[in-house]
Amino acid sequence: MDPGCEEGGAGVYTVPSEGGKATVRFGGSGVCLISAVPNQGFTVSTEQTEPQNLTVTFSASRHRSEITATTRPQSQAGVREVSW
Numbered sequence: 001m002d003p004g005c006e007e008g009g010a011g012v013y014t015v016p017s018e019g020g021k022a023t024v025r026f027g028g029s030g031v032c033l034i035s036a037v038p039n040q041g042f043t044v045s046t047e048q049t050e051p052q053n054l055t056v057t058f059s060a061s062r063h064r065s066e067i068t069a070t071t072r073p074q075s076q077a078g079v080r081e082v083s084w
């Protein structure tokens, strides 16, 4: 685990979405993925371009759930659901 996730910060949170759930740890200087579990019919991918931002995407044939976790400006997570 990244050292920035082990100390301080807001702690561990599980974020549910239609496509699955992601568990993240908000640390003093970054956010780390603990687990990402897709629901039946969904696949999962993750992207982290910098320690402070993490995106977990659950994809199915006609739906996508995107969970974004960040420590900027404060520790928070959001979910965007898209169907087509």
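Letter 23 of the sequence shown, counting from 1, is numbered 23 in full-length UniProt numbering, and no numbers are missing. For glycine and all other residues, C-beta sits at the position ideal for the given N, C-alpha and C.
Item, Value
"Range of the contiguous beta strand (DSSP E) that encloses E18", "Neither: E18 is in no beta strand (DSSP E) and is coded neither H nor E."
"Sequence-distant residues of its chain with Cβ nearer than 7 Å to E47 (five each side left out)", "T55"
"Expected contact under 8 Å - CB spacing of E66 and T57 to nearest Å", "5 Å"
"Residues sharing a beta bridge with E6, DSSP", "None, per the DSSP bridge assignment."
"G27 burial status per 10 Å Cβ neighbour count (16 or more: buried)", "buried"
"Proximity below 7 Å, CB of V31 to CB of T71", "yes"
"As assigned by DSSP and simplified to three states, the class of P51", "coil"
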